[in-house]
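Counting from 1, one number per residue, gives the positions in the sequence shown under the UniProt record's numbering.
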Amino acid sequence: MREAVDRNGIPAIINSDQGSQFTSEDYKALLKSLHIRQSMDGKSRWADNIMIERWFRSFKTEKIYIEEYTTEHELRACIDEYINQYNNVRPHEALDYATPASVYEAIFTVCA
């Protein structure tokens, strides 16, 4: 979380499912210390967060299930590479074949 905040700034709100890592007292205290409001999906409500659920499905089928990682460093490098490729290189049909990063940048350029 701290790495994400350092890289992207502090969001006003963060949404998650009700996994134990997101309901732990340590995690809730961290969010509180950063003044981030926590929002959680309802129990068994996968559709509430369908975009990230779809992303994880793609990641697992394209990387995790077909490659083998022997170290945490290898896995983290794979995750970083996949996120970069997914957001900055890979065109998305739902975005008229633009990348998520270019759409995000265009939105915030217009709003600025």
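Note that CB positions come from ideal geometry on N, CA and C, so glycine has one too.
As the structure is a computational prediction, the values presented were derived from the model and not from experiment.
Measuring CA to CA, which of the options is closest to residue i?
| i | options | result |
| --- | --- | --- |
| residue 51 | 34, 75, 16 | 16 |
Does the distance from the C-beta atom of residue i to that of residue j stay below 8 angstroms?
| i | j | result |
| --- | --- | --- |
| residue 82 | residue 60 | no |
| residue 69 | residue 78 | yes |
| residue 21 | residue 27 | yes |
| residue 106 | residue 88 | no |
In three-state terms, what does DSSP make of residue i?
| i | result |
| --- | --- |
| residue 92 | strand |
| residue 1 | coil |
| residue 38 | strand |
| residue 12 | coil |
Straight-line CA distance for residue i to residue j?
| i | j | result |
| --- | --- | --- |
| residue 13 | residue 76 | 25 angstroms |
| residue 56 | residue 40 | 18 angstroms |
| residue 99 | residue 90 | 6 angstroms |
| residue 4 | residue 92 | 24 angstroms |
| residue 84 | residue 94 | 18 angstroms |
Pull up the CB-CB distance for residue i and residue j, whole angstroms please, since I reckon it's below 8 angstroms.
| i | j | result |
| --- | --- | --- |
| residue 38 | residue 31 | 5 angstroms |
| residue 10 | residue 35 | 7 angstroms |
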